[in-house]
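**Q** Residue 367 in this note's numbering is what sits at position 366 of the sequence shown, and the numbering runs on without skipping anything.
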Amino acid sequence: MNNDIDKNKQLRDLYDEVMLPNYAPANFIPVKASGSYVWDKNNKKFIDLGGGIAVTSLGHSNPELISALNEQSQKLWHLSNYIANEPAISLAKQLTDLTFADKVYFSNSGSEANEAAIKMARRYHHENRNDKNEIIAFNNSFHGRSLLNISLGASDNHRKGFGPLPKGILHANYNSLSSVKKLISDKTAAIIIEPVQGEAGVVPAEQEFLLGIRDLCTQNGIILIMDEVQSGIGRMGHLFGYMAFDIEPDILTSAKGLGGGIPIGATLTKDSIASVMSIGSHGSTFGGNPMACAVANKVIEIVSTPSFLSKIKEKEALLVNKLESLSQKYQAFSSIRSSGLWVGCELNNRGEVNKLLDRCYEHGLIAVSAGTSTLRFAPALNISEDEISEGIERLEKALSS
Ligand SMILES: Cc1ncc(COP(=O)(O)O)c(C=O)c1O
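#1: Classify S402 as buried or exposed, calling it buried when 16 or more other Cβ atoms lie within 10 Å of its own Cβ.
#2: Report, in whole angstroms, the separation of the C-beta atoms of S285 and N109, which I expect to be a contact under 8 Å.
#3: State buried or exposed for V19, treating a residue as buried only when at least 16 other CB atoms are found within 10 Å of its CB.
#4: Pair every Cβ in the segment 77-92 with every Cβ in the segment 287-295, then say whether three or more of these pairs are closer than 8 Å.
#5: Taking the C-alpha atoms as reference points, what is the distance between E302 and K271?
#6: For K10, which three-state DSSP category applies?
#7: With which residues is W343 paired in a DSSP beta bridge?
#8: Can you give me the Cβ contacts of M1 inside the same chain, cut-off strictly under 7 Å, excluding the 5 residues immediately before and after it?
#9: Between the Cα of V203 and those of F378, K161, D17, K8, spot the shortest distance and give me the residue it belongs to.
#10: Does DSSP put A34 in a helix, a strand or coil?
#11: How many angstroms separate the CA atom of V181 from the CA atom of P64?
#12: In chain order, what residues of the same chain lie with their CB nearer than 6 Å to the CB of V369, ignoring the 5 residues before and after it?
#13: Pull up the distance between the alpha-carbon of D5 and that of G365, whole angstroms please.
#14: In chain order, which continuous runs of the alpha helix (DSSP H) of length 4 or greater are located wholly inside the segment 144-217?
#15: Straight-line CA distance for R123 to L212?
#16: Can you confirm whether G36, when its beta carbon is compared against all beta carbons of chain D, has any partner nearer than 8 Å?
#17: Just curious, the alpha helix (DSSP H) that F309 is in, first and last residue?
#18: Give me the residue from T57, Q208, R360, L77 with the minimum Cα distance to Y38.
#19: What are the start and end residues of the alpha helix (DSSP H) that includes R123?
#20: Would you say the beta carbon of I384 comes nearer than 7 Å to a heavy atom of ligand 1?
#21: Considering only DSSP beta bridges, list what G266 is partnered with.
#22: Just to confirm my understanding: we take N383, look at its own chain, exclude 5 residues before and 5 after, and list those with CB closer than 6 Å. What are they?
#23: Does DSSP classify V277 as helix, strand or coil?
#24: Report the three-state DSSP secondary structure of L225 (helix, strand or coil).
#25: Closest to R160 by C-alpha separation, out of G145, E391, N174, would be which residue?
#26: Do the CB positions of D251 and L225 come within less than 8 Å of each other?
#27: Alpha carbons only, please: which of E353, Y331, A297, V354 is nearest the one belonging to E397?
#28: Can you tell me whether D103 is helix, strand or coil according to DSSP?
#29: Cβ-heavy atom distance between A116 and ligand 1 below 7 Å?
#30: Sort K312, V354, L92, N9 by Cα distance to A69 and report the nearest one.
#31: Quick check: the Cα distance between D132 and K168, rounded to an integer number of angstroms?
#32: Determine the closest residue to E229 out of A267, I119, E209, with distance taken between C-alpha atoms.
#33: State the beta-bridge partners of L400 as determined by DSSP.
#34: Using the DSSP secondary-structure output, state which residues sit across from H61 in a beta bridge.
#35: Would you tell me roughly how many angstroms separate the C-alpha atoms of S147 and H283, rounded to the nearest one?
#36: Taking the beta strand (DSSP E) that I48 belongs to, which residues open and close that run?
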């Protein structure tokens with residue numbers, strides 16, 4: 002056992018020696034994974050209800066994704082944006098067939114997808130010869146870590162020491178239409194919003210609020226950008242979260258679950274906006290990489306089927322039910338919010354989520370946090386009911402220890 006502990010520790014110590022100290026990772030190092038299970042250097046088995054923060058949408062080492070990747074890796078890895086590739090074209094075709102969008106731009110992450118979205122929105126107004134360039138974002142939102150994205154997010158912690166930041170970004174309160182109205186002017190170019198705020202702790206937008214935002218955008222010539230980096234690709238039980246609200250965005254950003262663990266980002270939009278992005282206006286070396294797109298094609302093929310999506314809601318009900326029973330037994334959570342297989346449990350012990358995560362790890366459960374007081378679950382969408390039960394049993398051990 003002592004030897005075993007050393008295997009994780011040795012590598013974890015090396016991490017501290019050679020990696021930037023911007024994260025505080027767990028004290029074990031996973032070395033292999035399959036489905037909803039992960040094994041560390043000591044061969045200790047964990048059940049993964051965190052999903053790499055809503056990324057491993059079809060579980061670890063999914064055989065269908067491995068074949069898509071292997072097959073593509075034998076054919077073509079990379080060209081450049083001077084030359085198109087087949088997997089990127091078919092992925093764009095799938096995404097446009099299945100959504101409001103006519104056109105797709107590929108990048109490598111959620112931050113880049115949002116960067117492209119904001120550029121498109123500003124460029125659209127510029128080409129239409131008006132002065133609109135201000136962006137309205139929301140308090141407690143999260144859009145990524147580039148300078149633009151930390152300006153869209155409103156976290157002082159994420160911004161501290163990185164200024165000067167891009168200008169022209171205003172913040173309204175989530176679920177308060179009146180606070181949005183106060184910020185709208187003839188300079189407003191776009192509103193960027195998550196349909197459910199993930200990093201804030203899985204906080205859903207109210208239907209009336211989103212409908213109101215859509216109306217305000219339509220009436221005032223404002224572009225509605227939905228950041229679906231975390232909410233998309235089946236997470237909410239719909240291919241994209243906007244589909245649950247009976248509205249359509251003008252631009253949508255996707256990443257995380259789209260590649261099932263392979264880095265890819267996508268920005269989707271209508272022809273009227275896409276047409277302002279003339280040759281050379283934007284680009285990315287790796288965006289549209291054939292291997293990433295081959296995997297994402299398979300992810301979309303699987304996740305978009307109605308039978309797959311309908312099971313997500315059933316599993317949500319099971320997971321939330323079990324969490325509610327546990328919460329009653331241990332007085333653990335003040336509230337449980339969920340949206341598909343995406344759950345935020347607000348701890349009664351405020352500020353203690355990292356301690357609880359450590360106890361979960363001890364008992365072989367991987368979850369993630371949101372802020373300092375929310376325990377978050379975003380498991381693989383194909384997780385089985387038995388695996389959910391097993392995860393909850395481990396959570397019970399963590400809560401009772
Ligand atoms: C809603 C949302 N947008 C954007 C991002 C940034 O994505 P990435 O870390 O891939 O840049 C995240 C990441 O957590 C996110 O949750």
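Even glycine gets a Cβ: it sits at the ideal position worked out from N, Cα and C.
Everything numeric in this text was worked out from a predicted model, so none of it was measured.
**A** For this structure:
#1: So S402 ends up on the exposed side.
#2: Indeed, because the Cβ distance is near 7 Å, the residues count as touching under 8 Å.
#3: So V19 ends up on the exposed side.
#4: The segment 77-92 vs the segment 287-295: in contact.
#5: Approximately 22 Å, taken between the alpha carbons.
#6: Helix.
#7: According to the DSSP secondary-structure assignment, W343 is paired through a beta bridge with no residue.
#8: The question about residue 1 has no answer, for the chain in this structure spans 2 to 402.
#9: Nearest C-alpha to V203: F378.
#10: In the structure shown, A34 sits in a strand (DSSP, three-state: E or B).
#11: If you take the alpha carbons of V181 and P64, they lie about 46 Å apart.
#12: Taking V369 as the centre and dropping the five residues before and after it, the same chain places the C-beta of G51, I54, R377 closer than 6 Å to its C-beta, in chain order.
#13: Low per-residue confidence applies at D5: pLDDT is 49, beneath 50, and the placement is therefore not dependable, though the value from the model is reported in the following sentence. Cα-Cα distance, rounded: 15 Å.
#14: 148-153, 157-160, 178-184, all fully within the segment 144-217.
#15: Taking the straight line joining both Cα atoms gives about 23 Å.
#16: Among the protein chains of the structure shown there is no chain D, as only one such chain exists.
#17: Boundaries of the alpha helix (DSSP H) around F309: 307-331.
#18: Comparing Cα-Cα distances from Y38 to each of T57, Q208, R360, L77, the minimum goes to T57.
#19: In the DSSP assignment, R123 falls within the alpha helix (DSSP H) that extends over 111-128.
#20: Checking every heavy atom of ligand 1 against the Cβ of I384, none is found closer than 7 Å.
#21: Beta-bridge pairing links G266 to S108.
#22: Cβ within range, chain order: L59, G60.
#23: DSSP places V277 outside both helix and strand once states are collapsed to three, so it counts as coil.
#24: Correct three-state label for L225: strand.
#25: Taking only the C-alpha atoms, the option nearest R160 is G145.
#26: Yes, Cβ-Cβ distance for D251 and L225 is below 8 Å.
#27: Comparing Cα positions, the closest option is Y331.
#28: D103: coil per DSSP, three-state reduction.
#29: The sequence given here places Glu at residue 116; Ala does not occur at that position. Incorrect: E116 has no Cβ contact closer than 7 Å to ligand 1.
#30: Taking only the C-alpha atoms, the option nearest A69 is L92.
#31: Each residue's Cα considered, the two are about 14 Å apart.
#32: The residue with the shortest Cα to Cα distance from E229 is A267.
#33: L400 is not bridged to any residue.
#34: BP columns for H61 point to G36.
#35: For S147 and H283, the distance between alpha carbons rounds to 16 Å.
#36: Here the beta strand (DSSP E) through I48 covers 46-49.
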